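Counting from 472, one number per residue, gives the positions in the sequence shown under the working numbering.
In this text, a Cβ means the ideal position worked out from N, Cα and C, and glycines have one as well.
The structure presented is a predicted model; accordingly, all values stated were derived computationally and were not measured.
What follows is a single structure, written as structure tokens, with notes after it.
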Amino acid sequence: MRTIPFGSPIIGDEERNAVAQVLSGPILTHGPRVKEFEALFAHYTGAKDAIAVSSCTAALHLAYHCLGLGPGDEVIVPAETHVATAHAAELVGARPVFVDAEKDTGNIDIDQIEAQLTERTRVIAIVHYLGMPVNMHRVMEIAKKHNLFVVEDCALAIGTYLDGMHAGLFGDVGCFSFYPVKHITTAEGGMVLAKSRETVEKISRQRAFGIDRNIVSERDIPGIYDVVELGLNYRLNELGAALGIEQMKKIDSFLQKRQENYTSLTTGLADIGEIELLQSSHDGYQSSYYCQTIILKEPLFKKRFEIVNYLKQHGLGTSVYYPRPVPHLRYYKDKYGYSDTSFPVASRISGNSIALPVGPHVSHEDINYMVTTIKNAIMEVK
Ligand SMILES: Cc1ncc(COP(=O)(O)O)c(C=O)c1O
């Protein structure tokens, strides 16, 4: 039997040595490695600047905070996302207004966005679901027409491109995650890309209490600074940045392996009549291939956990993206009264899907084993 975890960071001697070097020196935070990691990430994505933060949740919180959202404001949020996309809006006092997913990709159904806009809407937040890009041309058109900001949740979208442009560069702010199962990792960590210089400067200040850095350097007296606005402590430390620098050197090979694994797995699963696969390619669309998701068809609807258990017993790690549409999570249901029958497309994906690993820790032999094991699991529970 093989053991294939859903996600597993690839940490080599390069990462171990880089972290050990940080630990041998005096600078654990606020140091040169964060700056170097930011420069590498900006160069990789084609952004002018990148701001390293402590997680993607921190990035999203900073994004909404910096755009000035507050009580009375509304944010369009995809129903099929991680709770962080919505929680960050709640944390600044704004209300997330959810929009269902489109059937083929699981991305936000752009056709339904305009019907949800009110005079209180300030932001459209989108998530590139499982790394498949949202049609940002259409989202930006709607945003322009209604004078709205756009925040891209790119937690699963390093290596996601639309017509040659990297995800996170279309909207006003793009937010990335380096959690261990992601495309690259800093243990915990995130990155912000922002379109305008003003937003970059604001988010840089707000990730560190709102301190006016110019005053620090102008005065050059330790411990003396001024605070010009409300901020948080959402900095990435030097250990995370050291990991991130080494991971950036390997990112092309990581992404290539993901795509190869995804393609082989898709081919292997193609003749299983009991499942559907989400669309993962289109002209001009480059996915980051975060994972492969199978959606069980009708006769297997109630057998999902039996299948997952069978896969687990046979060493195959799985996950679910995401366990429920966010408006069906208890906090949001209790607060806003969403019914279980709302958001039918997101509900179908959340309720009937199993996410399978395609990361660089998965070998070609693992893929063959996964295909056979999935077929056996379906035979077993039918
Ligand atoms: C779409 C999305 N947004 C945000 C997050 C939160 O990321 P982090 O753990 O870096 O805060 C996740 C985590 O998986 C995610 O999938």
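query, result
"Rounded C-alpha distance that separates residue 823 from residue 515", "36 Å"
"Cut-off 8 Å between Cβ atoms - residues of its own chain near residue 599, not counting five sequence neighbours on either side", "578, 605, 623, 624, 625, 627, 628, 631, 638, 759"
"Contacting residues, own chain, Cβ-Cβ under 6 Å from residue 715 (five flanking each side not counted)", "508, 657"
"Neighbourhood of residue 610 by C-beta distance below 7 Å, restricted to the same chain and skipping five residues each side", "581, 595, 597, 621"
"As assigned by DSSP and simplified to three states, the class of residue 637", "strand"
"Per-residue DSSP class, three states only, for residue 661", "strand"
"Between the CA atoms of residue 724 and residue 845 - distance to the nearest angstrom", "27 Å"
"Residue 661 CB to nearest heavy atom of ligand 1 below 7 Å", "yes"
"Proximity to residue 754 [Cα-Cα], best of 506, 838, 633, 677", "633"
"Cα-Cα separation between residue 497 and residue 671, rounded to whole angstroms", "28 Å"
"Inter-residue Cα distance where the pair is residue 589 and residue 792", "29 Å"
"Of the listed residues 661, 607, 836, 614, nearest to residue 635 (C-alpha basis)", "607"
"Contact set, ligand 1 heavy atom to C-beta under 6 Å", "526, 527, 528, 552, 553, 555, 556, 598, 624, 626, 627, 648, 650, 661"
"Beta-carbon gap between residue 668 and residue 700 smaller than 8 Å", "no"
"Residue environment, residue 802, which counts as buried when at least 16 other CB atoms sit within 10 Å", "exposed"
"CB of residue 797 within 8 Å of CB of residue 534, strictly", "no"
"Distance between beta carbons of residue 709 and residue 487, contact taken as under 8 Å", "No, residue 487 and residue 709 are not in contact; Cβ-Cβ is about 15 Å, not under 8 Å."
"Opposing strand residues paired with residue 827 [DSSP bridges]", "763"
"8 Å Cβ cutoff met for residue 763 and residue 829", "yes"
"Residues sharing a beta bridge with residue 646, DSSP", "624, 663"
"Straight-line gap, residue 649 to residue 692 (C-alpha atoms, nearest Å)", "35 Å"
"Given residue 572 as reference, the closest of 673, 681, 819 once Cα atoms are compared", "819"
"Proximity below 8 Å, CB of residue 731 to CB of residue 768", "no"
"Reduced DSSP category for residue 596 - H, G, I as helix; E, B as strand; rest coil", "strand"
"Residue 647 to residue 787 span [Cα, whole Å]", "27 Å"
"Host beta strand (DSSP E) of residue 549 (start-end)", "545 to 549"
"Residue 676 - DSSP class collapsed to helix/strand/coil", "helix"
"Secondary structure of residue 847, DSSP reduced to three states", "helix"
"Alpha helix (DSSP H) segment containing residue 716, residue limits", "709 to 740"
"Spatial neighbours of residue 546 in its chain, beta-carbon cut-off 6 Å, leaving aside the 5 residues before and after", "560, 565, 567, 594, 596"
"Backbone CA spacing between residue 666 and residue 640 [nearest angstrom]", "7 Å"
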